[in-house]
Amino acid sequence: MTDALTAENLTKKYGRRTALSECTLSVPAGRVVGLVGPNGAGKSTLLQLACGLLDPTKGRIEVLGAAPVSGTQQVGFVAQDTPVYGALTVAEHLRLGAHLNPSWDAGFAERRIAQVGLDLAQKAGKLSGGQRAQLALAVAAAKRPELLLLDEPVAALDPLARRAFLQGLMELTAERGISVIMSSHLVADLERVCDYLIVLVASRVRVAGEVDELLAAHHRLVGPRRDLADLGAGRSVVEQSHTDVQSTLVVRSTAPIDDPTWQVDRLNLEDIVLAYLGGDAGLVPEQALEGRR
Ligand code: ADP
Numbered sequence: 175m176t177d178a179l180t181a182e183n184l185t186k187k188y189g190r191r192t193a194l195s196e197c198t199l200s201v202p203a204g205r206v207v208g209l210v211g212p213n214g215a216g217k218s219t220l221l222q223l224a225c226g227l228l229d230p231t232k233g234r235i236e237v238l239g240a241a242p243v244s245g246t247q248q249v250g251f252v253a254q255d256t257p258v259y260g261a262l263t264v265a266e267h268l269r270l271g272a273h274l275n276p277s278w279d280a281g282f283a284e285r286r287i288a289q290v291g292l293d294l295a296q297k298a299g300k301l302s303g304g305q306r307a308q309l310a311l312a313v314a315a316a317k318r319p320e321l322l323l324l325d326e327p328v329a330a331l332d333p334l335a336r337r338a339f340l341q342g343l344m345e346l347t348a349e350r351g352i353s354v355i356m357s358s359h360l361v362a363d364l365e366r367v368c369d370y371l372i373v374l375v376a377s378r379v380r381v382a383g384e385v386d387e388l389l390a391a392h393h394r395l396v397g398p399r400r401d402l403a404d405l406g407a408g409r410s411v412v413e414q415s416h417t418d419v420q421s422t423l424v425v426r427s428t429a430p431i432d433d434p435t436w437q438v439d440r441l442n443l444e445d446i447v448l449a450y451l452g453g454d455a456g457l458v459p460e461q462a463l464e465g466r467r
């Protein structure tokens, strides 16, 4: 199956500022992908490269097996601030969508608008933030894209509207089987809906993978303070902290941790992301120790 997105050494600079650096990724199709990282990490830049609104400075990106072309029907993009036309009614948005898009699925659009409880006669400018987000999502999905790119779709919404939007997104992916890549600076937004995660920090991919595999491979280790070189092959330290007597590590490990002097705990997705945001991500144990000396 063709990947939803592949990138090889993908780099984007604005003048001298690097927004995305040496990004290498391979995201399978059919996933709901969470693209998470702090503000300024490069999430919007990656999404805009993926929908062809930006060109790479260096490296290569493919979307659904081809170089991105802006405005194609296969890729839907909902930019930040859920762009809708304030002076047009909900019904007029649907008519405009039908007029502009040969692949428009009118039946789906109407069902979706009814499902999320929007009034066809209401002007988009008078909708709440959550309702505008639902309208933008319905319009993007009615174009029948194979891949939907959503840039911080829930950033401006209150917790109830966030939940309603994410619920809507899950229904939509289940019904249509489309791939979704959705950015957020809050992992809590993504935890319930994503089955694939990309963590971007300071323009670099710190970790990417299937959520189930990430959950299975990461552990918190607490034990007497020790030399981290003892950890062994196939294990890398993501984050560490030490007192005089105790070491606490977040470790990525392909093999079970069988040293009984460690207390080993599972981590949830938020713990894992926070470790990558704050830790010595990507360092092998020896290098991690070097950094502490
Ligand atoms: P995110 O979506 O994760 O908040 P962005 O991709 O918007 O991050 O930005 C990544 C970096 O690129 C930031 O340092 C930002 O200031 C910079 N940047 C983004 N867009 C532009 C632009 N049009 N011109 C100059 N710098 C930009």
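Here the sequence shown is numbered in the working numbering, starting from 175 and rising by one per residue.
All residues carry an ideal CB built from backbone N, CA and C; glycine is no exception.
Predicted model, so just to flag it, every value in this text is computed and none were measured.
Under the three-state reduction of DSSP output, L374 falls in the strand class. Using a Cβ distance threshold of 9 angstroms, L334 and L294 do not count as a contacting pair. Selection around ligand 1 by beta-carbon proximity, strictly under 6 angstroms to any non-hydrogen atom, yields Y188, R191, A193, G211, N213, G214, A215, G216, K217, S218 and T219 in chain order.
For M356, the uninterrupted beta strand (DSSP E) run begins and ends at S353 to S358, by DSSP. Scanning the segment 208-250 from its first residue to its last, the whole alpha helix (DSSP H) runs of 4-plus residues come out as 217-224. In this structure, G250 and L322 form a Cβ contact; the two beta carbons are roughly 5 angstroms apart against a cut-off of 8 angstroms.
Straight-line measurement puts the Cα of R366 at about 30 angstroms from the Cα of A240. Nearest to V419 by alpha-carbon distance, out of V396, K300 and T428, is V396. Under the DSSP definition of a beta bridge, E182 partners with R234. Take the alpha-carbon of D401 and the one of A178: they are about 42 angstroms apart.
Ranking V201, K187 and P202 by CA distance to the CA of S195 puts K187 first. Remark: C-beta atoms of T256 and Q296 do not approach each other more closely than 9 angstroms. In the three-state reduction of the DSSP assignment, V313 falls in the helix class, which pools H, G and I.
V385 and M356 have their C-alpha atoms spaced approximately 14 angstroms apart. S353 counts as buried, since no fewer than 16 other beta carbons sit within 10 angstroms of its beta carbon. Under DSSP, the beta-bridge partners assigned to C197 are L184. Contact annotation: the segment 202-210 touches the segment 360-375, with at least three C-beta pairs closer than 8 angstroms.
For the pair Q254 and Q222, the Cα-to-Cα distance works out to about 11 angstroms.
Short of 8 angstroms from the beta carbon of Q247, and not among the five residues preceding or following it, lie these beta carbons of its own chain, in chain order: N275, P276, S277, K317, R318 and P319. Per DSSP, reduced to three states, the secondary structure at V361 is helical. The closest CA to that of E182, considering only P230, T192, G189 and R440, is found on P230. When the beta-carbon positions are compared, Q308 and F339 come within less than 9 angstroms of each other. L292 sits close to L301, with the two beta carbons spaced by under 9 angstroms. Here T180 is not near E266, since their CB atoms are 9 angstroms or more apart. Shown here for L228: same chain residues with a beta carbon closer than 8 angstroms to its own, the five before and five after excluded, namely K186, T219 and Q222 in chain order. Within the same chain, G303, G304, A307 and F339 come within 8 angstroms of L331 by CB-CB distance, once the 5 residues on both sides are set aside.
In the structure shown, E326 falls within a coil segment according to DSSP collapsed to helix, strand and coil. With contacts defined as CB atoms closer than 9 angstroms, G271 and V243 fail to qualify as a contacting pair. With a 10 Å radius around the Cβ and a threshold of 16 neighbouring Cβ atoms, T347 comes out buried.
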